[in-house]
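Take a look at the structure:
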């Protein structure tokens, strides 16, 4: 059994849904969705300097390797196959180097995508989900797409304008024991005393909340019977 990670260079953050589609293409050796970039071989060189490929190891040291197979690298993507017992050993290094080289790092087993750090200006919008997706200044279609991916594992999404100024939606026990079929909507205006919550019956309510907030509209404040949270 192995723990697989897929990495590639991307100029824009990708959603978990898009990352999964790219991952499936790469698994079929279809590389049209990714482009060559110097950051990819640079990441590979840094990684194998810390964790050499299997072919570089002796019979005495090969059992200490975290790799089930040596890293599979091209000019545009890298596929890692890590032994399950060694994930804690190599995983943090992979994420650290991916961020350093500004590569997307995707875990298809959980659907979590780690986008590289992005330049974000004051007042811009940041859409985040529990699955690790991050989109700066999302389009209206991005809002609905992300909210439609809510699940018991991917249990919340948050749209933030500045620190402490956000709207959020969550489902299930991990979002505060939200009853089945309900959506916990929240908004906060900077400080804890201005944090409100309400339960809604329909995903469209969450979409409308996010759309209003993104457009700078206050209509959502009177649409629901908010209570302090």
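Numbering (the UniProt record's numbering), first residue to last: 1 to 229. Where a beta carbon is used, it is the ideal one built from N, C-alpha and C, also for glycine.
Would you kindly check if the distance between the Cβ of residue 51 and the Cβ of residue 66 is under 7 Å? Yes, the pair counts as a contact, with Cβ atoms nearer than the cut-off.
Could you pull out every unbroken beta strand (DSSP E) segment of at least 3 residues lying fully inside the region 120 to 168, listed in chain order? For the region 120 to 168, whole beta strand (DSSP E) runs of length 3 or above, ordered along the chain, are 126 to 129, 134 to 136, 156 to 162.
If I measure Cβ to Cβ from residue 231 and keep anything under 8 Å in the same chain, skipping five residues before and after, which residues do I get? The requested residue 231 is not part of the displayed model; the chain covers only 1 to 229.
Assign residue 171 to one of three DSSP states: helix, strand, or coil. Three-state result, residue 171: coil.
Are the CB atoms of residue 81 and residue 53 within a distance shorter than 7 Å? For residue 53 and residue 81, no; Cβs fall outside 7 Å.
Rounded to the nearest angstrom, what separates residue 135 and residue 15 at their Cα positions? Taking the Cα positions, residue 135 is about 7 Å away from residue 15.
What separation, rounded to the nearest whole angstrom, lies between the Cα atoms of residue 159 and residue 227? Going from the Cα of residue 159 to the Cα of residue 227 covers about 19 Å.
Can you list, in chain order, the residues of its chain with a C-beta nearer than 7 Å to that of residue 99? Leave out the 5 residues immediately preceding and following it. Contacts found: 116, 117.
Within 7 Å, strictly: CB atoms of residue 185 and residue 200: Residue 185 places its beta carbon less than 7 Å from that of residue 200.
Whole angstroms are fine: how far does the CA of residue 129 sit from the CA of residue 38? Cα-Cα distance, rounded: 29 Å.
Distance between residue 225 and residue 103 (C-alpha atoms, nearest Å): Their Cα atoms are separated by approximately 43 Å.
Do the CB positions of residue 146 and residue 157 come within less than 7 Å of each other? It is a contact, given that the beta carbons lie within the stated cut-off.
Can you tell me which of 87, 196, 32, 137 puts its alpha carbon nearest to the alpha carbon of residue 12? Proximity to residue 12 across 87, 196, 32, 137 peaks at 137, based on C-alpha coordinates.
For residue 212 and residue 220, I'd like the C-alpha separation in whole angstroms. If you take the alpha carbons of residue 212 and residue 220, they lie about 7 Å apart.
Is it buried or exposed for residue 168, if we count other Cβ within 10 angstroms and need 16 for buried? Label assigned to residue 168: buried.
Using a Cβ-Cβ cut-off of 8 Å (strictly less than) and excluding sequence neighbours within five positions of residue 113, which residues of its own chain qualify? Here the set comprises 14, 15, 16, 19, 104, 105, 106, 107, 131, 132, 133.
Within a Cβ cutoff of 6 Å, which residues of the same chain sit near residue 101, ignoring the five residues on either side of it in sequence? In the same chain as residue 101, and ignoring 5 residues on each side of it, the C-beta atoms closer than 6 Å to its own belong to 39, 42, 43, in chain order.
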